[in-house]
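Each position in the sequence shown, counted from 1, maps to that position plus 380 in the working numbering.
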Amino acid sequence: MAERIVSGWSCRIHVAVSNIDIRYIGTMLNGRDIFVLAALSIDPSRERRTIRSISEDLGIPHAGVQRSVARLSEAGLYLPRRGAVVESLAMDLMTTGARFLVPPKYLGQGGGTPTAWYGGLLASRIRSVGKDLPVVWPDPRGRVHGLYLEPLDPRVPDVARARPELGELMRAVDASRIGGAREREVADQLVREIVGGAQWAVA
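See below:
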């Protein structure tokens, strides 16, 4: 069961997953916030991160990363005093909350990079049925003609090439956003496989 209430910049979402009640009150999380959270959740260094290093890694302006970290902290997904991502809540947001916070938006057709179960690991776990166009991120370097899905952040396609594991996670989040029950179940399992137990600080 999920409830979405949006008024201006306020958003409240209740998501019941495995008897966990996640509440984001007074915070409007956006696609970039989920992108930043995903990148932090699988960071292999497990070392103290700075806003600058995250900015350089993802190609997001320093101020944008700073605002995302602040919103993630306000939502209880990042604990400033401990310098840690709350892994269980991060996974629940990526598997369930994302489709309510950032509903899928299609942008026409063209060449791009496959997402959801049309590319990467999910392509071998979920077979697409019929002759529907594949779903792709708009990407000048992409070679697959398909239906454009707006990525959580415009930098996702480029970062996915540089960081394949993060690309797989972004595809899984997209699959959870656009798929039916069967696709979401498989995508959610992949999210939980990818996201490890790393914890680190952000200065």
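For each residue, glycine too, the CB sits at the ideal point set by N, CA and C.
For T476, name the three-state secondary structure that DSSP assigns. helix
Skipping 5 residues on each side, what residues in its chain have a beta carbon closer than 8 angstroms to that of S435? P441, H442, G444, V445
Take E545 and list the residues in its own chain whose beta-carbon comes closer than 6 angstroms to its own, dropping the five residues that flank it on each side. I422
I'd like to check one pair, A455 with L549: are the Cβ atoms closer than 9 angstroms? no
Completely contained beta strand (DSSP E) runs for the segment 493 to 547, where each covers 3 or more residues: 515 to 518, 524 to 529
To the nearest angstrom, how far is it from the Cα of A542 to the Cα of V566? 24 angstroms
Same chain, Cβ closer than 7 angstroms to G488, neighbours up to 5 away in sequence not counted: Y528
Taking R523 as the reference, give the member of R505, Y498, I506 with the closest Cα. Y498
Mark Y486 as exposed unless 16 or more other C-beta atoms lie within 10 angstroms of its C-beta, in which case mark it buried. exposed
Excluding the 5 residues preceding and the 5 following A478 in the sequence, name in chain order all residues of the same chain whose CB lies nearer than 7 angstroms to its CB. I414, V553, S556, R557
Are the CB atoms of L409 and L452 within a distance shorter than 9 angstroms? yes
In terms of residue numbering, what span does the alpha helix (DSSP H) encompassing R412 cover? 411 to 421
Please report the residue range of the alpha helix (DSSP H) in which I440 lies. Segment: none, I440 is in no alpha helix (DSSP H) and carries neither H nor E.
Length of the line joining the Cα atoms of D608 and R462: The structure shown does not extend to residue 608, since the chain is modelled only from 381 to 583, so the question has no answer here.
Suppose you measure from the CA of P494 to the CA of G526; what does that come to, to the nearest Å? 8 angstroms
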